[in-house]
Amino acid sequence: MKQLKTMAGCLCLCLAAGCTSPASQQENVAVTEGMTQSDAVIKTIMERRSVRKYKPQPVNRDTMQTILNCGINAPNGQNKQSWAIRVVDNPDYINGLTEIYKKANPQAAKDPNFKNMFRNAPTVVFIAHDTSYDMSQIDCGLLGENMILSAWSMGVGSCCLGSPVRFMNTQPEATDYLKKLDFPEGYQLLYCIAFGYPDESPAAKPRDAQKIKFIE
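So in full-length UniProt numbering, spot 113 of the sequence shown is number 113, and the numbers just go up one at a time.
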């Protein structure tokens, strides 16, 4: 999961380096705000934030279909499309799985704001990778980034999540919910993405541009 996040972060940094100096996040934000409409892609990348508070209504399925179509148009090795995607906006599934999670993690249930194990998001996309293909996890990461960026451009927030997947893959009590996702044989749940309409406006977090080096 950390590797996928690192890849996504590097993508954002490299694009930012093309239009800003790496001096500070504040400078990056200032330049972003001054971009023209023709720079819409870069603007979306630079303004995107991970959202951890959502309004209760699920994302419209037509909107989700657009987001999913953007996802499957991500670059991927040999056009293998080595991913399997499942979309869940059924409260019974989300809440039922959350009840199992709460029994195993009683501390989480003590939070008065806790509604479900997916950052309270009403829509969750589960992504599985082909275990027989060594680049499948990378392809799935690119898929997710496309979805996250397209969602943001349409006013839909998102958050990449690993802990719910770790729970589902390791807890016997969650097996039935994992089976309901009906992934093909040879595919394993890799990560999930929470989607919903934001109920917060997170501030930008600093990025370390010193991790970028040009080799002469």
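Each residue gets a CB set at the ideal place from its N, CA and C atoms; glycine is no exception. Since we're looking at a predicted model, the values are computed, not measured.
Minimum Cβ-Cβ distance from residue i to chain D less than 7 Å
i	result
G71	Included in the structure is just one protein chain, with no chain D present.
Assumed close pair residue i, residue j - CB separation to whole angstroms, cut-off 8 Å
i	j	result
P184	A84	6 Å
V156	F195	6 Å
R48	L142	In fact, because the Cβ distance is near 15 Å, the residues do not count as touching under 8 Å.
Pair within 7 Å by beta-carbon distance, residue i and residue j
i	j	result
M147	I67	yes
H129	L190	yes
Y54	D199	yes
residue 217	G186	The structure shown does not extend to residue 217, since the chain spans only 1 to 216, so no value can be given for it.
I94	A174	no
C192	V124	yes
P58	D89	yes
W152	T44	yes
R52	C159	yes
D139	S82	yes
K115	A109	no
Length of the line joining the Cα atoms of residue i and residue j
i	j	result
D176	N79	32 Å
Q26	S50	At Q26 the pLDDT is 42, less than 50, meaning the model places this residue with poor confidence; the figure from the coordinates comes in the next sentence. Computed Cα separation, rounded: 18 Å.
N169	Q137	16 Å
F118	P164	7 Å
V41	E145	13 Å
N113	N120	9 Å
I212	P206	14 Å
K179	N60	25 Å
S24	G96	Because the pLDDT of S24 is 34, which lies under 50, any placement of that residue in the model is unreliable, and the question is left without a value.
Q171	A104	9 Å
Q107	T98	13 Å
M46	P56	26 Å
E216	Q65	44 Å
Next on the checklist: Threshold first: 4 residues or longer. Then list the alpha helix (DSSP H) segments lying entirely within the UniProt domain "Nitroreductase" (45 to 197), N to C.
Outcome noted: Within the UniProt domain "Nitroreductase" (45 to 197), the complete alpha helix (DSSP H) segments at least 4 residues long are 61 to 72, 91 to 104, 106 to 109, 136 to 153, 163 to 170 and 175 to 180, listed from N- to C-terminus.
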